[in-house]
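Participant: Attaching a single structure in structure tokens format; questions to follow.
This is the structure:
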């Protein structure tokens, strides 16, 4: 083998392979990417701790679930300390009356853990004071962890790109084009937004049905600003792997269009990524996207209406 | 269509399109970028929650407004808990005298929420203690959120570039040049600063008035350091789209110069972005920028006076 | 010397030198990289403070050790303040009973440092109150530092790549290939993963045994996604520095394969790095990696079993 | 002017200009960069608030000064609240004895601001309770700000590169070379380290003494790893602007070598920058750097001694 073939090895297909591996390419008939950008594959067989992965979960879960976990941990930790105080006997705590019964130690624990310390209940004797010492440390560290987690959640890239529900195959400068539309769902600004579209479909290779990936060329693959919306356009010219394909054809090929977006969230200058995919049955043929613009009055600010992101207008005839 | 045209599709105009979309290009007669770098367009039609976008607002608003929101939330939350204690009846809280009347529960709430807990007022009975339990949790989480937000505000890129109030068309090496001047308004150092200048103007295309964008070549498009000031210069040579234009001409074209700056804030090694624009009526013809330097005494440190950033000297004759 | 040689100087070997320096290259017979990616060299002779480097240690150590340090500092600081209160005499603190003896000041310190302040023990007189003033400040700053450290630990890139225990020399498209396998040990997604493999071995140069580094060409050097596992493959073609080498040969050369991975952790859009190395005695000859996939049922999600990452199947004959 | 000259404009000198501007280039005779990497120029004429720039100062100042500012603000804020309580008259606070006199309100303020709340002193009446309400809010926000600042300080890139005190002009492969040596002063790992060396000197241009910058080609401009030390080498071949220069010559030219380093701190995957400069009088002629290595025993770990970074060995003859 000569030097030239060596170079070929290191660069061939680099842009086309998605890293799913050959088994996925060959054996899975499922869509690869879900609409929300998550992968349709699962890793199993982790050990217990890596699977738990509490931190990653607490960072990426919803705020509702996050606060539920935080509240539960608060109550459970105080219940544990309440049991500890109870084990010291009734004389370990002074004051607080008797009407609370068994819960007296729990509320004292709350007053200690949260560092309130009203003092109408207070610890007596060595053991109770030692428990207070450690409970106060736990309380402070719990607060430090909660604060750290809250901020870790805040500091995640906040960009959220909305994709049109369906893609279209629309007339375009005498030919047709594969198009989908995106908009920024948040108030932040995204700049230097770049799109990559891959066309996944099955071919017969040596008698085996194998998935093949083609990078589709775009009318424009990058925009400097993204203040409103962007319609990403792949012109179906003679060189396009979509050239001459019909709707039935794409169904037979189990076609899937994988979308990868990269941009910069200006609020924190963070690079952000978004993914989605359109399957053959999520494409509208012979249609075009409707305008999202509110007709600007003379010299007034131009506006778009985000609710019209998904509006598709069916075209007559062909 | 052949392979060559495919490549052409994917790269054509990539540097010139700004991502405003064709409607903006055609129908809006407004300036595109405001002087402060914000976009002169608006997205509408978000759902309620995305519009609210409290987090983004709290991060990007002024410190004054931020503290106003924090203070309000503190008072309102305590008022809510005060009502809760009041609903438990006067025996739910012990102590604190009667002279405060209805406000006794509010001040007790403050002492609990802020985890002070003097104890001269303290909770009695199950319900009051349960409310204390949740108020203490709310207090801690409120602190965690406030701390997280404060830090999120701190961790935003702090660079602020000052642009000269007006740009000039000045004599330059036998020809003329479009020039504007920038300086770093903060004490941090910005390095690897890069400038991009786009010339937006209207042309007639197929009988339609359409906006056109031209990237202007710069004498120098990047500086490694930016310790003082930088005058960005576009020489108006024969290849420049400004070649042969007069002041009246630029007015007729509704000319706007869009400025994009990218650099690295050294304090946190963050990439920072700045934008601004000059319209045809913000350009001084036949003028040049005055010196910002204080004449250095022998062997003394060189200094510039930031107040002179905007100083323009009108030139006589033409 | 002419212009051309100048260019040669500035670019030659840039991809092959690893920055270990000539002495390491020549004199050390140790492996360069440990399996966990740490370097097999040590810097000494720092001053006391740079060596201490408490911050870096607290950020990178295990959570267990981190909490041990935090707890120790909490107890030690309170012990110091307890001594300070004791030095003020028994009248400096009011209340708390006598049954705690010398520990009364310690528990009062805890109640102050953690800002609990039950109040059944309280400070009397100027000196005790001044100590309380500073202890409260210390307590708040200790909490600020602990919170800052907790978050600094949270905000570190969390990616962890698992490498197969051994590499293999496996049959590959009519020739053989050097292969190893990696998988993502965490639940986060890594994208844009890139691999670099360097072959380090000793050669005789001017009668001196010197280490030489060769960059190995890969079948694929980058994958866009990394949802499951990736087998990195260097085909041993005629141009490969491994061409014609036997197991004995690699031992004689003290061969070591240095692996460098770079990718993007999607959770925080952080660039992450991983390193490892395989020595000649960590390579299995005439073997291949076993499948990690659970056979997917019709239309079910595809899964891999992480425990099979290290499974190697020996091949018969040669 | 034709298209070609346009291109020339936008790229000419981009690598050589440092952004100091022409006045600095012409009129300042001072060194441009100090040894610690700070610029030898000053911006003045800011308004009051931008000059104050408290945040940037609190982030970049030493820990000692930072804690001094934090402590002062704590004491001053409490003094202000103490005055407020005093203005309410002696009945506003209940308890605490009379022996503290005027300081009673100060210590009560501390107990409130730090949320200790022993309760042996407590607020009476509407005004005192309202002040407590706002003081508790101030205390919590003060803690949030302190925590935010502490973490902002922690999250700054921590890399610190040590430069050899002097550079050398040393024999190198039959010619000579300009060399300096660097090492990582911290325990973190820096990877992908890149060096840029600029040679600044004065030339006569149109009868004016003007500074000129030349980028020096390096034997190696980038190293993948930086576990020990790195000697950066510019070979003085025929194409070098140093070719044929003597020590007297460099003095006459007021030569200064500006060093720019960029790398990645692996702890947080942050890009880090370092700058320094060597003036003509900080270069040792006909000398070479001494070894920093401790002779490795057989099979033991290789070590370097950081204290030997600056060791230069004078060469005889020449």
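Residue numbers (this note's numbering), protein chains in the order written: chain A, 1 to 318; chain B, 1001 to 1318; chain C, 2001 to 2318; chain D, 3001 to 3318.
Ideal Cβ positions, reconstructed from N, Cα and C, are used throughout, including at glycine.
Every value quoted in this text rests on a predicted model; they were computed, and no experiment measured them.
#1: Can you look up residue 2278 of chain C in the DSSP assignment and give me helix, strand or coil?
#2: DSSP puts residue 2123 of chain C in a beta bridge; with which residues?
#3: For chain C, is any of its Cβ atoms less than 7 angstroms away from the one on residue 1013 of chain B?
#4: For residue 2294 of chain C, which beta-bridge partners are listed by DSSP?
#5: Would you say residue 119 of chain A lies against chain B (beta-carbon separation less than 7 angstroms)?
#6: Quick one: what does DSSP say residue 1311 of chain B is sitting in, helix, strand or coil?
#7: Buried or exposed: residue 208 of chain A, going by 16 or more other Cβ atoms within 10 Å of its Cβ?
#8: Based on DSSP bridge pairs, tell me the residues matched to residue 3195 of chain D.
#9: Can you find at least 3 beta carbon pairs, one from the segment 3102 to 3122 of chain D and one from the segment 2129 to 2136 of chain C, that sit closer than 8 angstroms?
#10: Within the continuous beta strand (DSSP E) that includes residue 58 of chain A, where are the two ends?
#11: What is the DSSP secondary structure of residue 2316 of chain C, counted as helix, strand or coil?
#12: Rounded to whole angstroms, what's the CA-CA distance from residue 128 of chain A to residue 189 of chain A? Just pull it up for me.
#13: Looking only at DSSP bridge pairs, what is residue 1240 of chain B linked to?
#14: Counting contacts by CB-CB distance shorter than 7 angstroms, is residue 1128 of chain B in contact with chain E?
#15: By DSSP, does residue 2044 of chain C sit in helix, in strand, or in coil?
#16: Does residue 251 of chain A come within less than 7 angstroms of chain C when only Cβ atoms are used?
#17: Could you list the residues in the segment 3150 to 3166 of chain D with a C-beta less than 8 angstroms from some C-beta on chain B, going in chain order?
#18: Could you tell me how far apart the beta carbons of residue 3199 of chain D and residue 3255 of chain D are, in whole angstroms, since I believe they sit closer than 8 angstroms?
#19: Identify the contact partners of residue 3267 of chain D in chain A, using a Cβ-Cβ distance below 7 angstroms as the criterion.
#20: Taking beta-carbon pairs under 9 angstroms, can you tell me which members of the segment 3064 to 3077 of chain D lie near chain C?
#21: Considering residue 3224 of chain D, what are the terminal residues of the beta strand (DSSP E) in which it resides?
#22: Give the interface partners of residue 2115 of chain C over in chain B, defined as CB-CB distance under 8 angstroms, in chain order.
#23: Just to confirm, are residue 2177 of chain C and residue 2167 of chain C a CB contact at a threshold of 7 angstroms?
#24: I need the straight-line Cα distance from residue 316 of chain A to residue 191 of chain A, nearest angstrom please.
#25: How is residue 2253 of chain C classed by DSSP in three states: helix, strand or coil?
#26: Given this structure, state the Cα-to-Cα distance separating residue 1312 of chain B from residue 1225 of chain B, to the nearest angstrom.
#27: Run through DSSP, which three-state label would residue 2078 of chain C get?
#28: Counting only Cβ pairs nearer than 8 angstroms, list the residues of chain C close to residue 3146 of chain D.
#29: Put residue 183 of chain A into one of helix, strand or coil per three-state DSSP.
#30: Any C-beta of chain A sitting closer than 7 angstroms to the C-beta of residue 1311 of chain B?
#31: Is it buried or exposed for residue 276 of chain A, if we count other Cβ within 10 angstroms and need 16 for buried?
#32: Give me the subset of the segment 1163 to 1189 of chain B whose CB atoms are less than 9 angstroms from a CB atom of chain D, sorted by chain position.
#33: Can you tell me the Cα-Cα spacing of residue 1305 of chain B and residue 1232 of chain B, whole angstroms?
#34: Might you give, ordered along the chain, the residues of its own chain that have their beta carbon closer than 6 angstroms to the beta carbon of residue 84 of chain A, omitting 5 neighbours on each side?
#35: For the alpha helix (DSSP H) containing residue 3105 of chain D, name the first residue and the last one.
#36: Measuring straight from C-alpha to C-alpha, what distance separates residue 2202 of chain C and residue 2248 of chain C?
Facilitator: Let's see:
#1: strand
#2: Residue 2123 of chain C pairs with C:2093.
#3: Confidence at residue 1013 of chain B is low in this model, with a pLDDT of 40, below 50, so its placement is unreliable and the value that follows should be read with caution. Residue 1013 of chain B has a beta carbon lying at 7 angstroms or more from every beta carbon in chain C.
#4: Paired residue(s): C:2303.
#5: Yes, because at least one Cβ of chain B sits closer than 7 angstroms to the Cβ of residue 119 of chain A.
#6: coil
#7: exposed
#8: DSSP, once it has assigned bridges, lists D:3261 as partnering residue 3195 of chain D.
#9: Cβ pair count under 8 angstroms is three or more, so yes.
#10: No beta strand (DSSP E) holds residue 58 of chain A; the alpha helix (DSSP H) holding it covers 54 to 60.
#11: coil
#12: 55 angstroms
#13: Answer is none; residue 1240 of chain B lacks a bridge partner.
#14: Absent from the structure is chain E; the protein chains it does hold are A, B, C and D.
#15: Of the three classes helix, strand and coil, the one that applies to residue 2044 of chain C here is strand, per DSSP.
#16: no
#17: 3151, 3152, 3155, 3156, 3157
#18: 7 angstroms
#19: Residues of chain A passing the Cβ test: none, with the nearest at roughly 17 angstroms.
#20: 3067, 3070, 3071, 3074, 3075
#21: Here the beta strand (DSSP E) through residue 3224 of chain D covers 3222 to 3225.
#22: 1115
#23: no
#24: 37 angstroms
#25: Three-state DSSP puts residue 2253 of chain C in coil, outside helix and strand.
#26: So the alpha carbons of these two residues sit roughly 24 angstroms apart.
#27: DSSP, read as helix, strand or coil, puts residue 2078 of chain C in helix.
#28: 2140, 2141, 2144
#29: Look at residue 183 of chain A here: in three-state DSSP terms it is strand.
#30: no
#31: Result: buried.
#32: 1175, 1183, 1184, 1185, 1186, 1187, 1188, 1189
#33: 18 angstroms
#34: 131
#35: 3104 to 3113
#36: 14 angstroms
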